[in-house]
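Residue numbers (the working numbering), protein chains in the order written: chain A, 42 to 300; chain B, 42 to 300. Ideal Cβ placement from N, Cα and C applies to all residues, glycine included. Bear in mind the structure is a predicted one, so any value in this text is a computation, not a measurement. Here is the structure we will look at, set down as structure tokens.
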């Protein structure tokens, strides 16, 4: 892959701890300046045969330590296909300082939900867009640093997390060639407009009865993607009920596009 | 599988021709009374190890001879998973006499489409319901005859074809344990009501830009299924543009439920 300049000045990647998982996956904790993260690389990743990379997005607010078992599980599964994965603590999550306005936006969301009303557009915007605006340059800096490692190369995929972050990354970051997105978070109207500019293959997971999600907004977003290959996979169940076979299908999507 | 009485008196299955495909699939032409059909069985299917069976539905009106290359391709692919497949000439298709009222219903459909109007419910009903009413007992008779063969057993799946036929079969035929449906044909309102009574796992393919299909009707139908496992896979493209990976995913759905 050719390096593409990101929108932020270069950051410093420092490995702080490492352990082997199952003998064939190396897990390394790192900091990117002051942002904690994890890098998982398969044993097959060497300077002679560097691995493709998937950016593992996370749900807003939960924090990497709480998400660790799920992230490490996905990292192991992905490594078995010869692909490296990286997670970054999201802005406002874990030990990172809260995003300005986030508490008020969450309070306004709870008020709307308690009243049984549709969540107003401005609440969705205040909830999601500050996270998008902060996350995307951080992911791009992480890419600059990680693709400079001899054992990691590309192509690069983006998987999961807050869907508006994935859409923005797919638009602005040409090193990302495929996106597996989870329609499990609120969708700002501006994200639907951005989706029209997405041209890479996308694989969208939707939980049909997701309690924290507007199904029609997810369908509108899927409709908007400008990609010539796009797949929506909707499964019965709530936010956390994604069936195991759906994870396998998403894995095959990435294997098709990254190997 | 236990035999379950079907709604029609027993029919006579007569094999009329056979050939080997690729050495490991046996293709037999048959008649079920006066209805032509094909049975494809993998070499692994023996009286000691009888094969599960998938009923291959077909689009309305095209006829089995015209569909043969696609049907045989799916039969080969399915046989590689150790599963037998059967196709039946649909009522009104190929050499079979036209269904009463079918010409008028098609003419009314063309009139509505030419006027750019939504297709009236009664036109959809007249187009689809006579086919459902005739096909379903024929499929059940075919099941009675085929499950009596020593090399074919069960469980049984239904795949493709006119979606209203698949929904009715899933409701009335307890030997069918999984249905892979193609949302590519008009959906009578009564079919949406029937879908609420479907409890077997369903895997629904939808072509997002299908010119001969009402996307919202397909989404409403998916929503209505009463199954605790249901998956909608929507892909970019028109009626005939189902991507190869979607066929593979449907194959894995059947392998999960029939093996």
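- Per the contact definition of three or more C-beta pairs closer than 8 Å, is the stretch 266-285 of chain A in contact with the stretch 236-251 of chain A? Because the criterion of three Cβ pairs below 8 Å is met, the stretch 236-251 of chain A and the stretch 266-285 of chain A touch.
- Task: Report the rounded CA-to-CA distance for residue 77 of chain A versus residue 70 of chain A, giving the unit in angstroms.
- Result: Between the alpha carbons of residue 77 of chain A and residue 70 of chain A lies a distance of about 7 Å.
- Message: Extract the residue ranges of the beta strand (DSSP E) inside the stretch 57-142 of chain A, only unbroken runs of 3 or more that lie entirely within it.
- Response: Those beta strand (DSSP E) runs which fall completely within the stretch 57-142 of chain A and span 3+ residues are 66-73, 76-83, 92-98, 125-129.
- What separation, rounded to the nearest whole angstrom, lies between the Cα atoms of residue 41 of chain B and residue 107 of chain B? The requested residue 41 of chain B does not occur in the structure, where chain B is confined to residues 42 to 300.
- Option nearest residue 297 of chain A by Cα separation, candidates A/167, A/123, A/109, A/65: For residue 297 of chain A, the closest alpha carbon among the candidates A/167, A/123, A/109, A/65 is that of A/123.
- Closer than 7 Å to chain A by CB, residue 126 of chain B: Contacts with chain A at 7 Å (Cβ-Cβ) do not include residue 126 of chain B.
- Message: I want to verify the contact list: residues of chain B whose CB lies under 8 Å from the CB of residue 269 of chain A, in sequence order.
- Response: Result: 277.
- Message: From the DSSP secondary-structure annotation, give me the bridge partner or partners of residue 197 of chain A.
- Response: DSSP lists A/94, A/217 as partners of residue 197 of chain A.
- Task: Pull up the distance between the alpha-carbon of residue 93 of chain A and that of residue 299 of chain A, whole angstroms please.
- Result: Roughly 6 Å between the two C-alpha positions.
- Message: For residue 109 of chain A, count the other beta carbons within 10 Å of its own beta carbon; 16 or more makes it buried, fewer makes it exposed. Which is it?
- Response: Counting other Cβ atoms within 10 Å of its Cβ, residue 109 of chain A stays below 16 and is therefore classed as exposed.
- Task: Please list, in chain order, all residues of the same chain as residue 97 of chain B whose beta carbon is under 8 Å from its beta carbon, the five residues on each side excluded.
- Result: Counting only Cβ-Cβ distances below 8 Å, and skipping sequence neighbours, we find 112, 115, 116, 126, 127, 128, 200, 201, 202.
- Message: Quick check on residue 96 of chain B - is its C-beta less than 7 Å from some C-beta in chain A?
- Response: Not an interface residue.
- Message: Determine whether the beta carbon atoms of residue 180 of chain B and residue 210 of chain B lie at a separation below 7 Å.
- Response: Contact flag set, yes.
- Query: Whole-angstrom Cβ separation of residue 198 of chain B and residue 183 of chain B, contact assumed at under 8 Å?
  - Reply: Contact doesn't hold; Cβ gap of about 14 Å is too wide.
- Item | Integer Cβ distance of residue 257 of chain A from residue 279 of chain A, believed to fall under 8 Å | No, residue 257 of chain A and residue 279 of chain A are not in contact; Cβ-Cβ is about 17 Å, not under 8 Å.
- Below 7 Å CB to CB, which residues in the same chain sit around residue 282 of chain A once its five sequence neighbours on both sides are set aside? Excluding five sequence positions before and after residue 282 of chain A, the CB atoms of its chain that fall closer than 7 Å to its own CB belong to 248, given in chain order.
- Message: Please confirm whether residue 184 of chain A has its beta-carbon closer than 7 Å to some beta-carbon of chain B.
- Response: Not one beta carbon of chain B lies nearer than 7 Å to the beta carbon of residue 184 of chain A.
- Identify the contact partners of residue 297 of chain A in chain B, using a Cβ-Cβ distance below 9 Å as the criterion. Within chain B, the residues near residue 297 of chain A are 286.
- Task: Thinking residue 175 of chain B and residue 132 of chain B are a contact (beta carbons under 8 Å), I'd like their distance in whole angstroms, please.
- Result: Confirmed, Cβ separation roughly 4 Å.
- Message: Quick check: residue 291 of chain B and residue 259 of chain B, are their CB atoms within less than 7 Å of each other?
- Response: No, Cβ-Cβ distance for residue 291 of chain B and residue 259 of chain B is not below 7 Å.
- Within its chain, find whatever has a CB closer than 7 Å to the CB of residue 192 of chain B; leave out the 5 residues flanking it on each side and keep chain order. Listed in chain order, the non-local C-beta contacts of residue 192 of chain B below 7 Å within the same chain comprise 82, 86, 87, 88, 91, 92, local neighbours out to five positions each way being set aside.
- Item | Alpha-carbon spacing of residue 121 of chain B relative to residue 171 of chain B, whole angstroms | C-alpha separation (whole angstroms): 35 Å.
- Item | Length-filtered (4 minimum) alpha helix (DSSP H) runs lying within the stretch 238-299 of chain A | Under the rule that a run must span 4 or more residues, the alpha helix (DSSP H) segments found entirely inside the stretch 238-299 of chain A read 256-265, 285-299.
- Query: Exposed or buried, which one is residue 56 of chain B when buried takes at least 16 other CB atoms within 10 Å?
  - Reply: Result: exposed.
- Quick one: what's got a C-beta closer than 8 Å to residue 194 of chain A's C-beta in the same chain, skipping five residues either side? Result list for residue 194 of chain A: 42, 91, 92, 93, 94, 188, in chain order.
- Item | Distance between residue 166 of chain A and residue 73 of chain A (C-alpha atoms, nearest Å) | So the alpha carbons of these two residues sit roughly 27 Å apart.
- Indicate whether at least one CB of chain A lies closer than 7 Å to the CB of residue 274 of chain B. It does: the Cβ of residue 274 of chain B has a partner Cβ on chain A nearer than 7 Å.
- Query: Would DSSP call residue 53 of chain A helix, strand or coil?
  - Reply: Residue state for residue 53 of chain A is assigned as coil, using DSSP reduced to three classes.
- Query: Which class does residue 154 of chain B belong to by DSSP, given the choice of helix, strand or coil?
  - Reply: The answer is helix: DSSP assigns residue 154 of chain B an H, G or I state.
- Show which residues of chain A have a CB atom less than 7 Å away from the CB atom of residue 290 of chain B. Under the 7 Å cutoff, chain A gives 290.
- Beta-carbon proximity list for residue 103 of chain A, same chain, < 7 Å, skipping 5 on both sides: Cβ within range, chain order: 134.
- C-alpha distance - residue 214 of chain A paired with residue 196 of chain A, whole-angstrom precision: Straight-line Cα distance between these residues: approximately 12 Å.
- Item | Assigned exposure category for residue 185 of chain A - 16 Cβ within 10 Å defines buried | By the neighbour-count rule (16 or more Cβ atoms within 10 Å), residue 185 of chain A is buried.
- Query: For residue 208 of chain B versus residue 252 of chain B, is the C-beta distance shorter than 7 Å?
  - Reply: No, the pair does not count as a contact, with Cβ atoms beyond the cut-off.
- Query: Can you tell me whether residue 226 of chain A is buried or exposed, with buried defined as 16 or more other CB within 10 angstroms of its CB?
  - Reply: Under this definition residue 226 of chain A is a buried residue.
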